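1333 is the number of the first residue of the sequence shown in our numbering; add one for each residue after it.
Note that the Cβ used here is the ideal one computed from N, Cα and C, for glycine as well.
Since the structure is predicted, the reported quantities are computational estimates derived from the model, not experimental observations.
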Amino acid sequence: MSRQPPPPAPLPASDPALRAPARGTVAQPPGRFEGLSREWQHDGWDIPEEERTQLRDVAIERPRSVISWNTSPDLGFDRAVNPYRGCEHGCIYCYARPTHSYLGLSPGLDFETRLVARPDAPQVLARELGRKGYRVAPLALGSNTDPWQPIEAQHRITRALLEVLRDCRHPVTITTRGALIARDVDILAEMAALNLVEVGISITTLDAGLSRAMEPRAPSPARRLQTITTLRAAGVPVGLMLAPVIPGLTDHELESILQAARDAGAQTAWWSLLRLPHEVSSLFQDWLARHRPHHAAKVMRQLAEMRGGKVNDPRFGSRFRGSGPLAMLLSRRVKLARRRMGYADSLPPLDCTLFTPPVREQGASDGRNVSQTPTRPARGRGPEPDAQLSLF
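Take a look at the structure:
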């Protein structure tokens, strides 16, 4: 018997005078910690409202620490760094949207337009890597929001983080859908020569129209495939991040995406099922009703069958893959396609033996220890650029 999840909570009405082109949503639902919500209502006056355009607003954060630690058994890493909060790519299904609630902002349009940059992150990272008790292990870059989203072109924080990691010979795993990563192929190639980096390129669909509606400011699927080719040509190990798989909407593309990425040069592939935590559920279902109304019932019914009758299942071991016959079928399809197309099941782990901690120096004025990145070590030939894709 098929399961249908309960209907989502209705979103507050949006201001009809607000223009937000190429955004995943114009809705501004309150964060789950807010006691009040805002909703547009007509004031009754026959005076046309002046149109307003919601543009990008970037705030600056000065963090005291940048390494986020986790003990999740579902993840292939225990530490991560994120240079930005919020993401201009605007993917409607993004599991990171609820994190904007911690800032008192909406997981809706605010998540895509009210962004936070952390320009001191490279210096803070160097200080943390230089601590006496630090023990090296692969660090994930881009575990929450995309480090190569459009504002990186101006702020260049991600590139500066890469420079710190390169100079320290610290291993890093990367996940992104941003074609801007090709700008930093010089650093990535240096690290790949020493088996210090691996990159996962995320592709959800090959349908350019669907991608434009669902991931409005992310690069097109064709550009992401080209990015795989560019990175592999430079010797950087690259894997496909087939995520998220949306049942009833993109699952029929599984084999096509895997084949296209393999042809572009991807060496391994990983997949995950759509997740709809917290506020993402209402936002995604609203998007379905607006952009793919004929698919909406099927998508939510199949998702519920893989999520125990709910729209989301946060349990370890289930949240990325789901459960039940449909989830097992998806997993089997990916496994068979990977084998048929020659994807690697596993790749050698990144090298953690080359790490050189940043130099610790005594602060000139306040007596505190500060860290500086060391002089860049001489380049040498490392193992072949085949590193395990251990991003999630």
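- Less than 8 Å divides the Cβ of residue 1587 from the Cβ of residue 1669.
- Residue burial annotation: residue 1443 is buried, with at least 16 other C-beta atoms found within 10 angstroms of its C-beta.
- Put simply, of 1556, 1563, 1567 the residue whose alpha carbon is nearest the alpha carbon of residue 1574 is 1556.
- Between residue 1552 and residue 1577, the C-beta gap is not smaller than 8 Å, which leaves the two residues out of contact.
- In its chain, beyond the 5 residues on either side, 1578, 1579, 1580, 1581, 1620 have a beta carbon closer than 7 Å to the beta carbon of residue 1631.
- Here the alpha carbons of residue 1496 and residue 1454 stand approximately 7 Å from one another.
- When the Cα atoms are used, residue 1488 and residue 1673 turn out to be separated by approximately 36 Å.
- Taking a cut-off of 8 Å for Cβ pairs, the region 1522 to 1542 and the region 1558 to 1570 touch, as three or more such pairs fall below it.
- Measuring C-alpha to C-alpha distances from residue 1439 to each of 1678, 1645, 1461, 1360 identifies 1360 as the nearest.
- Within a 10 Å sphere around the beta-carbon of residue 1691 sit fewer than 16 other beta-carbons, which makes this residue exposed.
- The alpha-carbon of residue 1485 is positioned some 44 Å away from that of residue 1657.
- Membership of residue 1534 in any alpha helix (DSSP H) is not indicated; the residue belongs instead to the beta strand (DSSP E) covering 1529 to 1534.
- Here residue 1427 is buried. Its C-beta has 16 or more other C-beta atoms within 10 Å.
- The beta carbon of residue 1592 lies closer than 7 Å to those of 1538, 1557 in the same chain, with the five residues before and after it left out.
- Collapsing the DSSP output to three states places residue 1564 in a helix.
- Per DSSP, the beta bridge partners of residue 1600 are 1571.
- Between the alpha carbons of residue 1589 and residue 1502 lies a distance of about 32 Å.
- The alpha-carbon of residue 1339 is positioned some 31 Å away from that of residue 1602.
- Bounds of the alpha helix (DSSP H) holding residue 1491 are 1489 to 1500.
- In the DSSP assignment, residue 1392 forms a beta bridge with 1449.
- Residue ranges of uninterrupted beta strand (DSSP E) with 3 or more members, entirely inside the region 1572 to 1637 and ordered along the chain, are 1600 to 1605.
- The Cβ atoms of residue 1354 and residue 1390 lie no closer than 8 Å to each other.
- Only exposed fits residue 1649, as fewer than 16 other CB atoms lie within 10 angstroms of its CB.
- Annotation: the continuous alpha helix (DSSP H) that includes residue 1519 extends over 1517 to 1525.
- The DSSP-derived three-state label of residue 1512 is helix.
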